[in-house]
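Report on the structure given below.
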Amino acid sequence: MPELKYLAGYDAHLLDQVRAMIHSDRLGPWLRERYEQPHDVRNDGALYQYVVGLKDRHMRKAPPLDKVVFDNRLQVVRHALGTHTSISRVQGARLKASREIRIAGVFRDAPQPFLRMIVVHELAHLRESAHNRAFYQLCAHMEPDYHQLEFDMRLYLTQLEIDRRKQLPPIADP
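Numbering (my numbering), first residue to last: 2 to 175.
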């Protein structure tokens with residue numbers, strides 16, 4: 002039975018249900034049925050347009066983004082889902098801020114709702130740096146199913162790890 006490292010902190014009863022699905026090989030088929038649509042965001046330019054579109058729809062007053070990219074070097078567990086960076090530099094008498102979002106490369110092939118969830122998560126960090134109540138309220142404002150999608154995305158990452166161990170093809174084929 003695989004370690005459920007992506008689901009640490011969840012209720013033991015819920016984890017038992019997940020283990021039962023894994024044991025009976027039902028997790029992968031359940032995820033494929035529930036999240037059958039892959040997204041069409043395949044490159045950094047398309048990702049930038051996608052993120053800016055969500056930002057403009059929900060956070061018009063937030064500062065502009067300078068860079069949005071898929072980053073294959075991000076470790077999903079260590080960096081969780083993605084990173085957001087705001088760097089201030091002095092250029093002469095002016096202070097220049099650069100804001101960027103990096104999304105783990107694993108989400109390039111993930112189902113569309115998971116990409117949206119991670120983008121919403123990173124956009125929320127533009128306004129709220131900590132994972133506090135205001136942060137999660139903002140996430141839920143931008144994506145009403147945020148909490149369910151976050152849990153299901155963690156199930157997806159668990160299934161990807163199981164598939165890698167078995168050397169099976171990924172859940173979502175592009």
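We put the beta carbon where it would ideally sit given N, CA and C, even for glycine.
Which listed residue (the options) has its alpha carbon closest to that of residue i
{"i": "S99", "options": "V70, P112 and P65", "result": "P65"}
{"i": "L75", "options": "I102, R166 and K62", "result": "I102"}
{"i": "T159", "options": "L32, L116, A13 and D12", "result": "L32"}
{"i": "G10", "options": "R109, F115, F152 and R61", "result": "F152"}
{"i": "Y7", "options": "D164, Q168, R166 and M154", "result": "M154"}
{"i": "K167", "options": "L15, A105, Y137 and G29", "result": "G29"}
Between the CA atoms of residue j and residue i - distance to the nearest angstrom
{"i": "N44", "j": "A13", "result": "39 Å"}
{"i": "G46", "j": "V69", "result": "8 Å"}
{"i": "D110", "j": "H40", "result": "8 Å"}
{"i": "D164", "j": "P112", "result": "16 Å"}
{"i": "K56", "j": "A105", "result": "19 Å"}
{"i": "Y36", "j": "R27", "result": "14 Å"}
{"i": "A63", "j": "Y157", "result": "31 Å"}
Paired residues, beta bridge with residue i - DSSP
{"i": "P112", "result": "P39"}
Beta-carbon contacts of residue i that lie in its chain and below 7 Å, excluding the five residues immediately before and after
{"i": "Y147", "result": "M118, V121, C140 and A141"}
{"i": "P114", "result": "Y36 and L150"}
Terminal residues of the alpha helix (DSSP H) in which residue i lies
{"i": "V107", "result": "Premise fails: V107 is in no alpha helix (DSSP H) and is neither H nor E."}
{"i": "G54", "result": "D45 to H59"}
{"i": "L156", "result": "Y147 to K167"}
6 Å Cβ shell around residue i - same chain, five flanking residues per side excluded
{"i": "H59", "result": "M143"}
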